[in-house]
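Engineer:
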Amino acid sequence: MPAGELRCPSPPRTTVNDSCITDNDEAWVWTQIKSEARRDAESEPALASYLYSTILSHSSLERSLSFHLGNKLCSSTLLSTLLYDLFLDTFSSDPSLIAAAVADLRAYRVRDPACISFSHCLLNYKGFLACQAHRVSHKLWTQSRRPLALALHSRVSDVFAVDIHPAAKIGKGILFDHATGVVIGETAVVGNNVSILHHVTLGGTGKACGDRHPKIGDGVLIGAGATILGNVKIGAGAKIGAGSVVLIDVPPRTTAVGNPARLVGGKGTPAKHEECPGESMDHTSFISEWSDYII
Numbered sequence: 001m002p003a004g005e006l007r008c009p010s011p012p013r014t015t016v017n018d019s020c021i022t023d024n025d026e027a028w029v030w031t032q033i034k035s036e037a038r039r040d041a042e043s044e045p046a047l048a049s050y051l052y053s054t055i056l057s058h059s060s061l062e063r064s065l066s067f068h069l070g071n072k073l074c075s076s077t078l079l080s081t082l083l084y085d086l087f088l089d090t091f092s093s094d095p096s097l098i099a100a101a102v103a104d105l106r107a108y109r110v111r112d113p114a115c116i117s118f119s120h121c122l123l124n125y126k127g128f129l130a131c132q133a134h135r136v137s138h139k140l141w142t143q144s145r146r147p148l149a150l151a152l153h154s155r156v157s158d159v160f161a162v163d164i165h166p167a168a169k170i171g172k173g174i175l176f177d178h179a180t181g182v183v184i185g186e187t188a189v190v191g192n193n194v195s196i197l198h199h200v201t202l203g204g205t206g207k208a209c210g211d212r213h214p215k216i217g218d219g220v221l222i223g224a225g226a227t228i229l230g231n232v233k234i235g236a237g238a239k240i241g242a243g244s245v246v247l248i249d250v251p252p253r254t255t256a257v258g259n260p261a262r263l264v265g266g267k268g269t270p271a272k273h274e275e276c277p278g279e280s281m282d283h284t285s286f287i288s289e290w291s292d293y294i295i
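Residue numbering for the sequence shown follows the UniProt record's numbering, beginning at 1 and increasing consecutively.
1. Is S119 near I55, with beta carbons less than 8 Å apart?
2. With a CB to CB cut of under 7 Å and the five nearest residues on each side skipped, what residues in its chain are close to A188?
3. Would you kindly work out how many angstroms separate the C-alpha atoms of D104 and T90, rounded to a whole number?
4. Quick test of the definition: if touching needs 3 or more C-beta pairs under 8 Å, does the region 85-101 touch the region 53-70?
5. In angstroms with no decimal places, state the Cα-to-Cα distance between K139 and T227.
6. Between which two residues does the alpha helix (DSSP H) containing residue 305 stretch?
7. Under the rule that 16 or more other beta-carbon atoms within 10 Å means buried, what is N259, buried or exposed?
8. Helix, strand or coil for R145? Go by DSSP, reduced to three states.
9. Which residue wins for smallest C-alpha separation from T180, given the options I170, E186, I196?
10. Exposed or buried, which one is Q143 when buried takes at least 16 other CB atoms within 10 Å?
11. Could you tell me the distance, in whole angstroms, from the CA atom of N124 to the CA atom of K233?
12. What is the DSSP secondary structure of D249, reduced to helix, strand or coil?
13. Candidates E186, D177, F160, F176: which alpha carbon is nearest P166's?
14. From what residue to what residue does the alpha helix (DSSP H) around S64 run?
15. Please report the distance separating the alpha-carbon of H199 from that of V257.
16. Under 6 Å Cβ to Cβ from K172, same chain only, skipping five residues before and after it: list those, please.
17. From this set, A238, A114, E279, which residue's C-alpha is nearest A261's C-alpha?
18. Going along the chain, which residues of its own chain have a beta-carbon closer than 8 Å to the beta-carbon of A151, five neighbours each way excluded?
19. Which class does R212 belong to by DSSP, given the choice of helix, strand or coil?
20. Which residues mark the beginning and the end of the alpha helix (DSSP H) in which L51 is found?
21. Assuming V194 and G266 form a contact by the criterion Cβ under 8 Å, report the distance between their Cβ atoms to the nearest whole angstrom.
22. Evaluate residue 305 with the Cβ neighbour count: other Cβ atoms within 10 Å of its Cβ, from every protein chain shown; 16 or more gives buried, anything less gives exposed.
23. By how many angstroms is the C-alpha of A130 removed from the C-alpha of A253?
24. To the nearest angstrom, how far is it from the Cα of V245 to the Cα of G210?
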């Protein structure tokens, strides 16, 4: 294996395949979502109308997602019908956005034991919904429709408590677990198959201009309450412990913990792991190597 290369375990059936998400994958996930919605409508009649209007009445995932996001993010002056058209036009014009949404749905279903179904994620997980809305606002930003991108960003922040600047670049297979309080700055880049917990900040260090936010490699796991500041690189497959404050680069496949963060095993010979923590969601295996704390 080349130095620094990330080796991820072979994914089970429902995990994200980094190479591509095909039309068959999208069709399979959409079929699963409709089947789950029918089952839930039958078992819980109080939800039947909601499930029909949000999922079962729609012919595709992009239509269902556009309808749901439009209703979630609308306001008295930003109408749901306007937002529905905006989301649907954007999803329809760029198939990679729905492919990314499918990868995200699979990520939630596999990595989060609390996620009981694809439909549960689609309807109720604000981290998933915030990420899909961000992808639309990012598309608008790249099309120089910046006032609309910023208006959508503001609504996402208000409704979901997730603040991602429209210019930030987000990969696919993303898990924002719980998501409350996540802040991602303008020049940040997040790779594929990354898992980020609540109250994580990918921020700048002050009033510096230009490229000033973190670059997160593929397969990274960032624990709850972690803060990463400045134009630093978090290498592929790295793990950032909960509550850590990171101000310098973190090498691939290493673990950084503490405030200020330090590498498990030391700077000279940091301990390295072979798994892909962004997918394994292993938060604590490093403890025995790092801490002598006992109760």
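The C-beta atom is built at its ideal place from N, Cα and C for all residues, glycine as well.
Predicted, not measured: the structure shown is a model, and the values here were computed from it.
Structural biologist: Checking against the coordinates, here is how it stands:
1. Contact: yes.
2. Result list for A188: A168, L202, H213, P214, in chain order.
3. Cα-Cα distance, rounded: 18 Å.
4. Taking 8 Å as the limit for Cβ pairs, the verdict is that the region 53-70 does touch the region 85-101.
5. Going from the Cα of K139 to the Cα of T227 covers about 26 Å.
6. No answer is possible for residue 305: it lies beyond the span of the chain, which begins at 1 and ends at 295.
7. Looking at its Cβ environment, which holds fewer than 16 other Cβ atoms inside 10 Å, N259 is exposed.
8. The answer is coil: DSSP assigns R145 none of H, G, I, E or B.
9. The shortest CA-to-CA distance from T180 to any of I170, E186, I196 is the one to I196.
10. So Q143 counts as exposed.
11. When only Cα atoms are considered, N124 and K233 end up about 32 Å apart.
12. In this structure, D249 counts as coil in the three-state DSSP scheme.
13. Answer by Cα proximity: E186.
14. From DSSP, the alpha helix (DSSP H) with S64 extends over 61-73.
15. Rounded to whole angstroms, the separation of the alpha carbons of V257 and H199 is 16 Å.
16. Excluding positions up to five away in sequence, the list reads A100, A103, N192.
17. Ranking A238, A114, E279 by Cα distance to A261 puts A238 first.
18. Hits under 8 Å: L78.
19. Coil at R212, not helix or strand.
20. Where L51 is concerned, the enclosing alpha helix (DSSP H) stretches over 48-51.
21. That belief does not hold up - the Cβ atoms of V194 and G266 are roughly 26 Å apart, past 8 Å.
22. Nothing about residue 305 can be reported from this structure: the residues present for the chain run from 1 to 295 only.
23. Note that residue 253 is Arg in the sequence shown here, rather than Ala. Taking the CA atoms as reference points, R253 sits about 28 Å from A130.
24. Roughly 22 Å separates the two Cα atoms.
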